[in-house]
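To start, the structure under review is shown below, and the notes come after it.
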Amino acid sequence: MADNPGGPFEDYLDKPLISDFYNNAQPIDQFVFKDVDGTHYFFYGGWSHCNLGKLKDDFTGFIPWEDGNLFKEITPENYVEGPFMFLRKGIYYFMWSEGSWGDGTYKVAYAMADKATGPFERIGTVLESKEGDIANGAGHHSVINVPNTDTWIMVYHRRPIPNEDRDHRVTCLDYMEFNEDGTIKPVKMTFEGVGIIQQ
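First residue of the sequence shown: 9, per the working numbering; consecutive thereafter.
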(Lines of atoms letter the chains of each structure in order from A and count residues from 1; the text may use other names and numbers.)
(Lines give C-alpha, C1' and ligand atoms only; values in the text may rest on other atoms or scores of the structure.)
Protein backbone atom coordinates (compact mmCIF):
# COMPACT_ATOMS: atom_id res chain seq x y z
CA MET A 1 0.00 0.00 0.00
CA ALA A 2 1.04 3.63 -0.48
CA ASP A 3 -0.26 7.16 -0.10
CA ASN A 4 0.04 7.83 -3.83
CA PRO A 5 0.51 5.83 -7.06
CA GLY A 6 4.23 6.59 -7.15
CA GLY A 7 4.92 4.89 -3.83
CA PRO A 8 6.87 4.08 -1.80
CA PHE A 9 4.89 0.88 -1.20
CA GLU A 10 4.70 -1.25 1.91
CA ASP A 11 3.36 -4.79 2.23
CA TYR A 12 -0.22 -4.44 3.45
CA LEU A 13 -0.38 -7.84 5.18
CA ASP A 14 3.30 -8.76 5.69
CA LYS A 15 2.42 -12.02 3.95
CA PRO A 16 1.00 -13.14 0.58
CA LEU A 17 -2.72 -12.61 0.10
CA ILE A 18 -2.76 -16.06 -1.56
CA SER A 19 0.12 -18.50 -1.42
CA ASP A 20 -1.62 -21.88 -1.60
CA PHE A 21 -3.10 -23.66 -4.61
CA TYR A 22 -6.90 -23.77 -4.77
CA ASN A 23 -8.58 -25.79 -7.52
CA ASN A 24 -5.10 -26.39 -9.00
CA ALA A 25 -4.79 -22.70 -9.93
CA GLN A 26 -1.28 -21.30 -9.73
CA PRO A 27 -1.50 -18.18 -7.51
CA ILE A 28 -0.46 -15.63 -10.16
CA ASP A 29 -1.97 -12.98 -12.45
CA GLN A 30 -4.48 -11.43 -10.07
CA PHE A 31 -7.04 -8.96 -11.33
CA VAL A 32 -9.52 -7.01 -9.19
CA PHE A 33 -12.82 -5.92 -10.72
CA LYS A 34 -15.15 -3.54 -8.88
CA ASP A 35 -18.76 -4.27 -9.83
CA VAL A 36 -21.54 -1.68 -9.95
CA ASP A 37 -22.80 -2.81 -6.53
CA GLY A 38 -19.39 -2.16 -4.96
CA THR A 39 -18.33 -5.83 -4.75
CA HIS A 40 -14.63 -6.35 -5.47
CA TYR A 41 -14.17 -9.60 -7.38
CA PHE A 42 -10.73 -11.17 -7.44
CA PHE A 43 -9.84 -13.17 -10.57
CA TYR A 44 -6.54 -15.04 -10.69
CA GLY A 45 -4.80 -18.20 -11.79
CA GLY A 46 -2.24 -19.86 -14.00
CA TRP A 47 -1.57 -23.42 -15.12
CA SER A 48 -4.89 -23.50 -17.00
CA HIS A 49 -7.10 -22.87 -13.98
CA CYS A 50 -8.91 -19.65 -13.07
CA ASN A 51 -10.46 -18.89 -9.68
CA LEU A 52 -12.86 -16.20 -8.55
CA GLY A 53 -13.11 -14.79 -5.05
CA LYS A 54 -14.78 -11.86 -3.30
CA LEU A 55 -12.47 -9.49 -1.43
CA LYS A 56 -13.30 -8.22 2.02
CA ASP A 57 -13.95 -4.49 2.25
CA ASP A 58 -10.52 -3.91 3.78
CA PHE A 59 -8.76 -6.17 1.22
CA THR A 60 -7.24 -8.34 3.97
CA GLY A 61 -8.83 -11.57 2.78
CA PHE A 62 -11.85 -13.11 1.13
CA ILE A 63 -15.55 -13.51 1.80
CA PRO A 64 -16.57 -17.18 1.50
CA TRP A 65 -19.07 -18.20 -1.15
CA GLU A 66 -22.38 -19.77 -0.17
CA ASP A 67 -20.79 -23.24 -0.04
CA GLY A 68 -18.12 -22.04 2.41
CA ASN A 69 -15.24 -22.09 -0.09
CA LEU A 70 -13.09 -19.00 -0.56
CA PHE A 71 -12.72 -19.54 -4.30
CA LYS A 72 -14.72 -21.09 -7.07
CA GLU A 73 -13.23 -22.23 -10.33
CA ILE A 74 -14.56 -20.44 -13.42
CA THR A 75 -12.04 -21.70 -16.01
CA PRO A 76 -13.30 -21.18 -19.57
CA GLU A 77 -12.25 -23.25 -22.57
CA ASN A 78 -8.53 -22.96 -23.46
CA TYR A 79 -7.75 -20.66 -20.51
CA VAL A 80 -4.06 -20.52 -19.57
CA GLU A 81 -3.52 -17.34 -17.52
CA GLY A 82 -3.94 -13.56 -17.43
CA PRO A 83 -7.63 -12.99 -16.50
CA PHE A 84 -9.18 -9.58 -17.12
CA MET A 85 -12.71 -8.17 -16.92
CA PHE A 86 -14.48 -4.98 -17.96
CA LEU A 87 -18.07 -3.79 -18.22
CA ARG A 88 -19.52 -2.12 -21.34
CA LYS A 89 -23.18 -1.30 -21.99
CA GLY A 90 -24.38 -3.81 -19.40
CA ILE A 91 -22.22 -6.67 -20.74
CA TYR A 92 -19.43 -8.21 -18.68
CA TYR A 93 -16.43 -9.13 -20.82
CA PHE A 94 -14.11 -11.75 -19.37
CA MET A 95 -10.78 -12.11 -21.16
CA TRP A 96 -7.72 -14.32 -20.78
CA SER A 97 -4.52 -15.51 -22.46
CA GLU A 98 -4.14 -18.79 -24.32
CA GLY A 99 -1.13 -20.63 -25.75
CA SER A 100 2.43 -20.23 -24.46
CA TRP A 101 3.89 -16.87 -23.45
CA GLY A 102 7.26 -17.99 -24.83
CA ASP A 103 6.24 -18.34 -28.48
CA GLY A 104 3.88 -17.22 -31.22
CA THR A 105 0.90 -19.22 -29.92
CA TYR A 106 0.23 -16.64 -27.21
CA LYS A 107 -3.07 -14.83 -27.78
CA VAL A 108 -6.12 -13.28 -26.11
CA ALA A 109 -9.64 -14.77 -26.07
CA TYR A 110 -12.87 -13.63 -24.45
CA ALA A 111 -16.37 -14.44 -23.25
CA MET A 112 -19.44 -12.29 -22.57
CA ALA A 113 -21.86 -12.62 -19.64
CA ASP A 114 -24.68 -10.75 -17.94
CA LYS A 115 -22.97 -10.79 -14.55
CA ALA A 116 -19.44 -10.70 -13.19
CA THR A 117 -19.59 -14.28 -11.95
CA GLY A 118 -20.37 -15.78 -15.35
CA PRO A 119 -20.80 -18.42 -16.61
CA PHE A 120 -18.15 -17.71 -19.23
CA GLU A 121 -18.33 -19.51 -22.55
CA ARG A 122 -15.50 -18.82 -24.98
CA ILE A 123 -16.60 -16.70 -27.95
CA GLY A 124 -13.33 -16.43 -29.81
CA THR A 125 -9.91 -14.88 -30.17
CA VAL A 126 -9.57 -11.11 -30.19
CA LEU A 127 -5.78 -10.71 -30.44
CA GLU A 128 -3.27 -13.10 -32.00
CA SER A 129 -0.28 -13.00 -34.29
CA LYS A 130 -0.53 -14.34 -37.82
CA GLU A 131 1.95 -14.87 -40.61
CA GLY A 132 3.08 -11.53 -41.99
CA ASP A 133 2.26 -9.57 -38.82
CA ILE A 134 4.67 -7.03 -37.38
CA ALA A 135 5.13 -9.06 -34.17
CA ASN A 136 4.18 -12.37 -32.60
CA GLY A 137 3.33 -13.75 -29.17
CA ALA A 138 0.70 -11.07 -28.53
CA GLY A 139 -1.03 -11.60 -25.21
CA HIS A 140 -1.38 -10.92 -21.49
CA HIS A 141 -3.29 -7.72 -21.86
CA SER A 142 -5.36 -5.07 -20.13
CA VAL A 143 -8.11 -2.80 -21.46
CA ILE A 144 -8.50 0.96 -20.98
CA ASN A 145 -11.69 2.95 -21.55
CA VAL A 146 -11.10 6.62 -22.33
CA PRO A 147 -13.28 8.37 -19.72
CA ASN A 148 -16.70 9.59 -20.90
CA THR A 149 -16.30 7.95 -24.31
CA ASP A 150 -16.86 4.59 -26.00
CA THR A 151 -13.21 4.50 -27.02
CA TRP A 152 -11.41 1.36 -25.87
CA ILE A 153 -7.72 0.54 -25.97
CA MET A 154 -6.00 -2.81 -25.53
CA VAL A 155 -2.64 -2.75 -23.75
CA TYR A 156 -0.63 -5.91 -24.38
CA HIS A 157 2.82 -7.29 -24.94
CA ARG A 158 4.25 -8.71 -28.13
CA ARG A 159 7.57 -9.97 -29.45
CA PRO A 160 9.13 -7.90 -32.28
CA ILE A 161 10.07 -9.58 -35.55
CA PRO A 162 12.73 -10.75 -36.36
CA ASN A 163 13.79 -10.99 -32.70
CA GLU A 164 13.04 -14.55 -31.56
CA ASP A 165 14.14 -14.16 -27.93
CA ARG A 166 11.17 -15.30 -25.84
CA ASP A 167 12.06 -12.75 -23.14
CA HIS A 168 12.17 -9.77 -25.51
CA ARG A 169 8.66 -8.37 -25.14
CA VAL A 170 7.46 -4.84 -25.71
CA THR A 171 4.31 -3.17 -24.38
CA CYS A 172 1.91 -1.84 -27.01
CA LEU A 173 -1.44 -0.06 -27.23
CA ASP A 174 -3.93 -0.49 -30.06
CA TYR A 175 -7.60 0.36 -30.45
CA MET A 176 -10.25 -2.24 -29.63
CA GLU A 177 -13.62 -1.92 -31.38
CA PHE A 178 -16.99 -3.66 -31.15
CA ASN A 179 -19.61 -5.02 -33.51
CA GLU A 180 -23.27 -4.00 -33.26
CA ASP A 181 -24.07 -7.15 -31.24
CA GLY A 182 -21.38 -6.31 -28.68
CA THR A 183 -18.84 -8.87 -29.85
CA ILE A 184 -15.27 -7.62 -30.14
CA LYS A 185 -13.62 -7.05 -33.50
CA PRO A 186 -10.14 -8.56 -33.92
CA VAL A 187 -7.51 -6.12 -32.67
CA LYS A 188 -5.03 -5.13 -35.36
CA MET A 189 -1.41 -4.78 -34.30
CA THR A 190 0.16 -1.56 -35.54
CA PHE A 191 3.42 0.34 -35.24
CA GLU A 192 1.50 3.59 -34.75
CA GLY A 193 -0.53 2.52 -31.72
CA VAL A 194 -3.17 4.98 -30.50
CA GLY A 195 -1.17 8.21 -30.56
CA ILE A 196 -2.28 11.19 -28.50
CA ILE A 197 -5.97 11.13 -27.63
CA GLN A 198 -7.60 14.53 -27.41
CA GLN A 199 -10.56 15.03 -25.04
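Yeah, the Cβ is synthetic: ideal placement off N, Cα and C, and Gly gets one too.
Checklist entry - Taking the beta strand (DSSP E) that isoleucine 131 falls in, what are its first and last residues? => result Mapped onto the sequence shown, residue 131 falls at position 123. Here the beta strand (DSSP E) through isoleucine 131 covers 130 to 136.
Checklist entry - In whole angstroms, what separates the C-alpha of asparagine 5 from that of lysine 196? => result Absent from the model: residue 5. The displayed extent of the chain is 9 to 207, so no value can be given.
Checklist entry - With a cut-off of 8 Å, do at least 3 Cβ pairs link the region 65 to 76 to the region 103 to 118? => result no
Checklist entry - Hey, out of Arg167, Phe41, Asp28, Leu25, whose CA is closest to glycine 110's CA? => result Translated into positions along the sequence shown, residue 110 becomes position 102. Ranking the options by Cα distance to glycine 110, first place goes to Arg167.
Checklist entry - Since cysteine 58 sits in a beta bridge, which residues does DSSP pair it with? => result Here the question's residue 58 lines up with position 50 in the sequence shown. Bridge partners of cysteine 58: none, in fact.
Checklist entry - Can you give, in chain order, each stretch of the beta strand (DSSP E) that sits fully within the region 151 to 178 and has at least 3 residues? => result 160 to 168
Next on the checklist: Between the alpha carbons of threonine 133 and histidine 176, how many angstroms are there, rounded?
Outcome noted: On the sequence shown, residue 133 is found 125 positions in, with the first residue counted as 1. On the sequence shown, residue 176 is found 168 positions in, with the first residue counted as 1. Distance between the alpha carbons of threonine 133 and histidine 176: 23 Å.
Checklist entry - Shortest alpha-carbon distance to phenylalanine 94 belongs to which of Met9, Ile36, Lys42? => result As a position in the sequence shown, residue 94 is number 86, starting the count at 1. Here the closest residue by C-alpha is Lys42.
Next on the checklist: Let me confirm a value: leucine 21 is counted as buried when at least 16 other C-beta atoms fall within 10 Å, else exposed. Which label applies?
Outcome noted: Reading the sequence shown from its first residue, position 13 is the one you call residue 21. With fewer than 16 other Cβ atoms within 10 Å, it is exposed.
Checklist entry - For glycine 53, which residues from the same chain have a beta carbon less than 6 Å from its beta carbon, with the 5 sequence-adjacent residues on both sides left out? => result Taking the sequence shown and counting its residues from 1, one reaches residue 53 at position 45. Correct list, in chain order: Ala33, Asn59.
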